[in-house]
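What follows is a single structure, written as structure tokens, with notes after it.
There are 4 protein chains.
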Amino acid sequence: MAHIAFVGLGVMGWPMARHLTAAGHEVRVFNRTAEKAARFAAAYGATPCTTVAQAAEGVDALITCVGNDDDVRQVTEGADGGFTTLPDGALFIDHSTASAALAKALAARHPRLNCIDAPVSGGQAGAEAGQLAIMCGGDADAIEAARPILDCYGRRVVRIGPSGHGQLAKMSNQIAIAGLVQALAESLHFAKKAGLDTAALLDAIGQGAAQSWQMDNRARTMVEGRFDFGFAVDLMRKDLGLVLEEARSNGASLPVAALVDQFYADVQKMGGNRDDTSSLIRRLS
Amino acid sequence: MAHIAFVGLGVMGWPMARHLTAAGHEVRVFNRTAEKAARFAAAYGATPCTTVAQAAEGVDALITCVGNDDDVRQVTEGADGGFTTLPDGALFIDHSTASAALAKALAARHPRLNCIDAPVSGGQAGAEAGQLAIMCGGDADAIEAARPILDCYGRRVVRIGPSGHGQLAKMSNQIAIAGLVQALAESLHFAKKAGLDTAALLDAIGQGAAQSWQMDNRARTMVEGRFDFGFAVDLMRKDLGLVLEEARSNGASLPVAALVDQFYADVQKMGGNRDDTSSLIRRLS
Amino acid sequence: MAHIAFVGLGVMGWPMARHLTAAGHEVRVFNRTAEKAARFAAAYGATPCTTVAQAAEGVDALITCVGNDDDVRQVTEGADGGFTTLPDGALFIDHSTASAALAKALAARHPRLNCIDAPVSGGQAGAEAGQLAIMCGGDADAIEAARPILDCYGRRVVRIGPSGHGQLAKMSNQIAIAGLVQALAESLHFAKKAGLDTAALLDAIGQGAAQSWQMDNRARTMVEGRFDFGFAVDLMRKDLGLVLEEARSNGASLPVAALVDQFYADVQKMGGNRDDTSSLIRRLS
Amino acid sequence: MAHIAFVGLGVMGWPMARHLTAAGHEVRVFNRTAEKAARFAAAYGATPCTTVAQAAEGVDALITCVGNDDDVRQVTEGADGGFTTLPDGALFIDHSTASAALAKALAARHPRLNCIDAPVSGGQAGAEAGQLAIMCGGDADAIEAARPILDCYGRRVVRIGPSGHGQLAKMSNQIAIAGLVQALAESLHFAKKAGLDTAALLDAIGQGAAQSWQMDNRARTMVEGRFDFGFAVDLMRKDLGLVLEEARSNGASLPVAALVDQFYADVQKMGGNRDDTSSLIRRLS
Chain W
1 MAHIAFVGLG VMGWPMARHL TAAGHEVRVF NRTAEKAARF AAAYGATPCT TVAQAAEGVD
61 ALITCVGNDD DVRQVTEGAD GGFTTLPDGA LFIDHSTASA ALAKALAARH PRLNCIDAPV
121 SGGQAGAEAG QLAIMCGGDA DAIEAARPIL DCYGRRVVRI GPSGHGQLAK MSNQIAIAGL
181 VQALAESLHF AKKAGLDTAA LLDAIGQGAA QSWQMDNRAR TMVEGRFDFG FAVDLMRKDL
241 GLVLEEARSN GASLPVAALV DQFYADVQKM GGNRDDTSSL IRRLS
Chain P
1 MAHIAFVGLG VMGWPMARHL TAAGHEVRVF NRTAEKAARF AAAYGATPCT TVAQAAEGVD
61 ALITCVGNDD DVRQVTEGAD GGFTTLPDGA LFIDHSTASA ALAKALAARH PRLNCIDAPV
121 SGGQAGAEAG QLAIMCGGDA DAIEAARPIL DCYGRRVVRI GPSGHGQLAK MSNQIAIAGL
181 VQALAESLHF AKKAGLDTAA LLDAIGQGAA QSWQMDNRAR TMVEGRFDFG FAVDLMRKDL
241 GLVLEEARSN GASLPVAALV DQFYADVQKM GGNRDDTSSL IRRLS
Chain V
1 MAHIAFVGLG VMGWPMARHL TAAGHEVRVF NRTAEKAARF AAAYGATPCT TVAQAAEGVD
61 ALITCVGNDD DVRQVTEGAD GGFTTLPDGA LFIDHSTASA ALAKALAARH PRLNCIDAPV
121 SGGQAGAEAG QLAIMCGGDA DAIEAARPIL DCYGRRVVRI GPSGHGQLAK MSNQIAIAGL
181 VQALAESLHF AKKAGLDTAA LLDAIGQGAA QSWQMDNRAR TMVEGRFDFG FAVDLMRKDL
241 GLVLEEARSN GASLPVAALV DQFYADVQKM GGNRDDTSSL IRRLS
Chain H
1 MAHIAFVGLG VMGWPMARHL TAAGHEVRVF NRTAEKAARF AAAYGATPCT TVAQAAEGVD
61 ALITCVGNDD DVRQVTEGAD GGFTTLPDGA LFIDHSTASA ALAKALAARH PRLNCIDAPV
121 SGGQAGAEAG QLAIMCGGDA DAIEAARPIL DCYGRRVVRI GPSGHGQLAK MSNQIAIAGL
181 VQALAESLHF AKKAGLDTAA LLDAIGQGAA QSWQMDNRAR TMVEGRFDFG FAVDLMRKDL
241 GLVLEEARSN GASLPVAALV DQFYADVQKM GGNRDDTSSL IRRLS
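Protein chains in written order, with our numbering: chain W, 1 to 285; chain P, 1 to 285; chain V, 1 to 285; chain H, 1 to 285.
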């Protein structure tokens, strides 16, 4: 049983924190909208805090799951941030999808802490089911120490490498998804234009070389034009922004990822900001 | 037990025909290089023929597995082609990947035959294992009649719709693959540039939203730079040529398929004509 | 003064033929819609013909300006085509935009004629003003012999090389235009989204490294959303089809041309088939 | 005659400052590498300064021509930056290509100054000849007051709009250039693959709808494979980075600009960092 401060009770953070209380950990929670922290605390027996500093005081681990680099900096190094009180040797686990540069910088600036960048994959459904994939960057010892916590909501907790490598792995994941979804969208768009029975099509090709998680889980809804679920276009664009920024510095060339990022701009213009990433097909029809 | 003429003993046709002899069908074979037909006949107890017309005389089914539209026309409607002798009501099953227009035209011009366009997916390995996916276009009755034959090498035999729809399904399949492979190539290229441990990366993301048959079966060899197997770049370009020609007439817009087709031109310039389609990653490094 | 058969009185051919009559040449005209030929003949003192064969009998030069490869074949080698009567040593000048393969094949099959593939650039306005650029493929002697005719409507008549090279030059021209127009469209789209005064913008950048004929002549109308003039999207797609087909055989990789070709498919879906090529900007807004 | 502080004596700044001394202005210069400022001062009768603050003290105008946002912030708002001493009502003219957000922020935070964002176009040659195009953002009165200074090296000084609009205009310029150069590269690459005489080609198409400044000034050197001059790939990537960042916030979709940005990454991988932007053709051959 550990003492844990959990910061950021969004669609991902809420169920993750809930798994921690369910596992018997003693959890303090902080959320930008304080009412939400109060509501969580009341429901699951956690302690609501009014600052991150207050939450982090004396805990074994500070866990954050917030929006972007600025948010991460704010809740850690900011005034009233968690790092002002977090004890020496404590774990800092950041589940936010943010830049690798920030992860590296935080670890370098705070050697007294055990910093782990640990972005997740699996979406809201994975968070609720406690079935997330967690890509970890940081010292191997730190990650081993964090594993009992991460296992509360992670189905697959993998150390990728040193600090920053968790974020870089998440970026690799998003690159693979973006082009794959566009390819699937073009395939289904073509099929529709060609007058094909898409159910028969998917029956025929769904276990071959074109198979993908996206085909298994999104092809049907793409054909039906339903996108009110899943991973939002706005978030994908944020992630692709991190990807392309990182590629600018590591020298990778990502023509299709860059192109699909622009196609997501088209989807945003159509009002699809909160639609699932599979809504790429909308701009083709 | 059926009388079957099989035309085209290439890397796909040879094992397919072999499954037919193994199942006890009486098979006549024709190949442009006659020596190959003789060799097949000697090995598997088939009858070699010197013309397609001779092979097709009196059979229940004429099966073709050749290179392109011109080849299909030649072995069917050409002088000494199979349609000169194929009996009324016989099956004509074309496993070639060719245009939907040709499939429709053949069926329309030869109503006395039961024409099925039946391109396959699964590659050489699938052909040898008798585990192909077969996408069929044609009358439902004809496809039902052909099923005992197709089941000899097909794991999944699906009627997509009327004549031409088999070819259109195959095109949809290739569209989905082309962009997916490029996305995977960019993901792994980025990971390499970022210095990631790709084995750990694949372990972490390999069952999530980025998962695909290509990731399961090609990511490792892409990282290793091995491409001397699988589905050749030259064949993929041929197929994408059919795709883009069809899209020009049905009004589909396929930006990523068109772009990746050009990237395959880069691979060809690098000498990768016979490399597996996953060699797209070569032009990134 | 020459005896000339002119075939194809479309928006380009009509004013070209008119320049020939105005220059004193004796002109016979043929058009698929015979009424148009009759109208032209009455207006400009030409002789209308009911077949191309009739028009080409005994002339010094057969000039064609039709739609595509099939049309060119029909009016030359078809039954009642011009080549059935065109005298030995006569000029055959094809102003159609068609494949280089056809140009080469016609020249090779008819060595008794002086064949010139001579696609034009300059649009309807250039045709009417007699100010076309004419890209010629064929023997140098033949092109010199044709020059007095071509000068009637050409401001710039250039021999590019042997048969087919006129068509290949036209393809190079279209490749340069397609990407350029898309770049200009993106620039103006960005300017609009940024709230810029586009007149001031064009004043500032219009003579620098971003300058182009398209910027000089199309930027204003693109901003205004006017596209009911110029070179039609449908024709550009036809030309890009020839380009991409040729690139498939000569090994060029044309990523942006291929991509913009697909963007033109989007414009066609928006109903812009006859709009000017600058209408690419429509799909961005 | 004005008192001017000029900061940043790079390949652009040096000749610009020289035009100011030549016009009789009293010029103080600062450069990160102090030796360069000393050398300039000795050659052209300017006063070298060891800090920007010293240079800006009491002047009529502070002019900066530095690398990026961080550099601009440093030389203005940094410790020893120019804004610590620049008098109320003085002109601040920034010729750097930087973000519009920074230009807006500086103007908003320093209302006591007359801030003008004034990126230039025309390259080193334009700077040396005093023939730059200057895109200005800021108050109309401020820009009018700056005009006598800007006219020393500007052929075309245009007010685009309020603060930030100079930078946005420069971005529009770069968007137009990036796709245009790629289109030209593809055109010439195709021509070469097709075996065309490119001199004849350019003679034929050089004044038509494919014409551009890039075709006039770069086509020949692209064919020859010479790129050791002009506007560097690294700088273009920096600018496209600003473009894509801005587009992310204003909602513009820039598919070809984003794609060509990635193609420039390929050129960088080939070692072409300092080559002219026309070196895009290298990655095609």
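Don't be surprised by glycine CBs; every beta carbon is placed ideally from N, CA and C. Note that the coordinates shown come from a computational prediction; the quantities given were computed from them, not determined experimentally.
{"Query": "Against chain H: residues of the stretch 188 to 200 of chain V by CB proximity under 9 Å", "Result": "Leu188, His189, Phe190, Ala191, Lys192, Lys193, Ala194, Gly195, Leu196, Asp197, Thr198, Ala200"}
{"Query": "Beta-carbon contacts of Gly272 (chain V) that lie in its chain and below 8 Å, excluding the five residues immediately before and after", "Result": "Phe227, Val233, Ser279, Arg282"}
{"Query": "The alpha helix (DSSP H) enclosing Gly126 (chain W), as first and last residue numbers", "Result": "123 to 129"}
{"Query": "Other residues of its chain near Asp266 (chain V): CB distance less than 8 Å, five sequence neighbours each side excluded", "Result": "Arg283"}
{"Query": "Those residues which DSSP pairs with Ala232 (chain H) across a bridge", "Result": "H:Asp276"}
{"Query": "Contacts around Asn31 (chain W), its chain only, beta-carbon distance under 6 Å, and the 5 residues preceding and following it disregarded", "Result": "Leu9, Ala37"}
{"Query": "Leu280 (chain W) CB to nearest heavy atom of the ligand ATP below 7 Å", "Result": "Because no ligand of any kind appears in the structure shown, any question about the ligand ATP cannot be addressed here."}
{"Query": "Residue from H:Asp275, H:Ala200, H:Leu240 with nearest C-alpha to Thr97 (chain H)", "Result": "H:Leu240"}
{"Query": "Per DSSP, the bridge partner or partners of Ile135 (chain V)", "Result": "The sequence as given places Met at residue 135 (chain V); Ile does not occur at that position. Answer is V:Val158."}
{"Query": "Cβ-Cβ distance between Ala133 (chain H) and Leu113 (chain H) below 8 Å", "Result": "no"}
{"Query": "Cβ neighbours of Ala41 (chain V) in the same chain (closer than 8 Å, five flanking residues each side left out)", "Result": "Val29, Thr47, Pro48"}
{"Query": "Range of the contiguous beta strand (DSSP E) that encloses Phe6 (chain W)", "Result": "3 to 7"}
{"Query": "For Pro111 (chain H), the three-state DSSP class (helix, strand or coil)", "Result": "coil"}
{"Query": "Three-state secondary structure (DSSP) of Thr64 (chain P)", "Result": "strand"}
{"Query": "Distance CB(Ala200 (chain H))-CB(Ile160 (chain V)) smaller than 8 Å", "Result": "yes"}
{"Query": "Cutoff 8 Å: Gln262 (chain V) Cβ touching any chain P Cβ", "Result": "yes"}
{"Query": "Range covered by the beta strand (DSSP E) that runs through Asp94 (chain W)", "Result": "91 to 94"}
{"Query": "CB contact flag (Val66 (chain W), Val59 (chain W), <8 Å)", "Result": "no"}
{"Query": "C-beta neighbour in chain W for Leu102 (chain P), strict 8 Å", "Result": "no"}
{"Query": "Three-state class that DSSP yields for Thr84 (chain W) in the structure shown", "Result": "helix"}
{"Query": "Residues in the stretch 155 to 169 of chain H having any Cβ partner in chain V nearer than 7 Å", "Result": "Arg156, Val158, Arg159, Ile160, Gly161, His165, Leu168, Ala169"}
{"Query": "Spatially closest choice to Gly82 (chain H) from H:Ala61, H:Met12, H:Val243, H:Pro148, by CA coordinates", "Result": "H:Ala61"}
{"Query": "As assigned by DSSP and simplified to three states, the class of Arg226 (chain H)", "Result": "coil"}
{"Query": "Residue-level contact to chain P via CB, Leu280 (chain V), 8 Å cutoff", "Result": "no"}
{"Query": "Of the residues H:Asp117, H:Tyr153, H:Pro148, H:Arg156, the one placed nearest Gly137 (chain H), counting alpha carbons only", "Result": "H:Asp117"}
{"Query": "Exposure label - Ala79 (chain W); buried when at least 16 CB within 10 Å", "Result": "exposed"}
{"Query": "Cβ shell of Asp69 (chain W) (< 7 Å), same chain only, five flanking positions each side left out", "Result": "Ala98, Ser99, Leu102"}
{"Query": "Pro119 (chain V) - DSSP class collapsed to helix/strand/coil", "Result": "coil"}
{"Query": "For Gln207 (chain W), the nearest candidate out of P:Val120, P:Arg274, P:Ala53 (CA to CA)", "Result": "P:Val120"}
{"Query": "DSSP-derived helix/strand/coil call for Val59 (chain H)", "Result": "coil"}
{"Query": "is_contact[Glu35 (chain H), chain V] using C-beta, thresh 8 Å", "Result": "no"}
{"Query": "Where Ile28 (chain H) sits in the DSSP three-state scheme", "Result": "The question names Ile, but residue 28 (chain H) in the sequence shown is Arg. The answer is strand: DSSP assigns Arg28 (chain H) an E or B state."}
{"Query": "Unbroken alpha helix (DSSP H) run spanning Thr50 (chain V), endpoints", "Result": "No alpha helix (DSSP H) contains Thr50 (chain V), which DSSP labels as neither H nor E."}
{"Query": "Contacting positions in the stretch 240 to 254 of chain V - beta carbon closer than 9 Å to chain P", "Result": "Gly241, Leu244, Glu245, Ala247, Arg248, Gly251, Ala252, Ser253, Leu254"}
{"Query": "Run of the alpha helix (DSSP H) containing Ile149 (chain P), from where it starts to where it stops", "Result": "140 to 150"}
{"Query": "Any chain V beta carbon closer than 8 Å to Ile177 (chain H)", "Result": "yes"}
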